[in-house]
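Since the structure comes first, as structure tokens, the remarks are kept for the end.
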Amino acid sequence: MTCLFDLDGTLLDSNGVWAEVDRAFLGRRGLAPTPEYEKTVARSIFPVAAVFTRDYYRLPDSPDAIMAEWEALAKEAYRLHAPLKSGAKELLSRCREAGSTLLVFTACMPALCEAALERFGLAQTFDRLLYAGTLGLQKHAPDSFGHLAELLQVPPEDCVLFDDSPENCAAAAKAGFKTVGVYDRYYHDRQEELRAVCGRYVRSLTELL
95 MTCLFDLDGT LLDSNGVWAE VDRAFLGRRG LAPTPEYEKT VARSIFPVAA
145 VFTRDYYRLP DSPDAIMAEW EALAKEAYRL HAPLKSGAKE LLSRCREAGS
195 TLLVFTACMP ALCEAALERF GLAQTFDRLL YAGTLGLQKH APDSFGHLAE
245 LLQVPPEDCV LFDDSPENCA AAAKAGFKTV GVYDRYYHDR QEELRAVCGR
295 YVRSLTELL
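Take the sequence shown: its letters are residues 95 to 303, numbered as in the working numbering.
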């Protein structure tokens, strides 16, 4: 079995970091996030989110400059503060003992993901770290997980996704992946939607131990 784990909100309690980053980034420019902005960037890989941010707020900054500032703002939290979710390390260990292939599939910036995994001693746990931005895949797009299965050369039915996003889980299920929806407070108001698109739903990873 190939187990794919999302990072932010699934293995790492870090979705709140990005709300703070948005507020800080826009606050420096005398701006504030709107509901439309928050919804769009939450669903986007970083290059797409950066272009959207520039255009939405008519900023003079280049997308690369925006991403660099986001990374700088988030770096301390990933290296020092964002906690691992309860049961994450134990679940990964059990999946490894069962002979599963372990992958991270994340929209997070590579440097931030790697810093967090290093901090918790998980850098060598995974067979591969897959970055949606590097692959050019929007995780919530209808065809993203089909393309991912082709890239991995693994049948979709032999893959299971652990993710907190209703859109991501819906896209994976449509592609034939097994899906485990993981509660995160960022999506607190969308838990029934998450339940509906997942083969299994858990409030905590400890339920899977």
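Note that the Cβ used here is the ideal one computed from N, Cα and C, for glycine as well.
Treat the numbers as computed from the prediction; the structure is a model and nothing was measured.
- Leaving aside the five residues that flank Phe220 on each side, the residues in its chain whose CB is nearer than 7 Å to its CB run, in chain order, Leu196, Leu197, Val198.
- Here Glu163 is not near Met203, since their CB atoms are 8 Å or more apart.
- Burial of Gln232 is indicated by the presence of at least 16 other C-beta atoms within 10 angstroms of its C-beta.
- Three or more beta-carbon pairs drawn from the region 169 to 184 and the region 208 to 222 are found closer than 8 Å, and the two stretches are therefore classed as touching.
- DSSP places Phe271 outside both helix and strand once states are collapsed to three, so it counts as coil.
- Burial of Ala136 is indicated by the presence of at least 16 other C-beta atoms within 10 angstroms of its C-beta.
- For Tyr225, the enclosing beta strand (DSSP E) starts and ends at 222 to 225.
- The beta carbon of Glu287 sits closer than 7 Å to those of Pro260, all from its chain and outside the five residues before and after it, given in chain order.
- Secondary-structure assignment with DSSP links Val198 through a beta bridge to Phe99, Leu223.
- Boundaries for Asp258: no beta strand (DSSP E) harbours it, and the DSSP string shows neither H nor E there.
- Separation of the CB atoms of Gly121 and Tyr280 is rounded to 20 Å, and the pair is thereby denied contact status at 8 Å.
- In the structure shown, Leu229 adopts helical secondary structure according to DSSP, grouped into three states.
- Sequence-distant Cβ neighbours of Ala235 in its own chain, meaning closer than 7 Å and more than five residues away, are Ala265.
- The beta carbon of Tyr172 sits closer than 6 Å to those of Leu206, Ala209, Ala210, all from its chain and outside the five residues before and after it, given in chain order.
- Across the set Gly230, Asp149, Glu130, Leu223, the C-alpha of Gly230 shows the shortest separation from the C-alpha of Phe140.
- Beta-carbon to beta-carbon, Cys189 and Cys97 are separated by about 5 Å, close enough to satisfy the 8 Å threshold.
- Annotation for Val135: the continuous alpha helix (DSSP H) segment containing it runs 129 to 136.
- DSSP places Val296 inside the beta strand (DSSP E), whose first and last residues are 294 to 296.
- Inclusion of Val276 and Met95 in the CB contact set at 8 Å is not warranted, their separation being larger than that value.
- Within the region 138 to 224, the runs of beta strand (DSSP E) that reach at least 3 residues and sit entirely inside it are, in chain order, 195 to 200.
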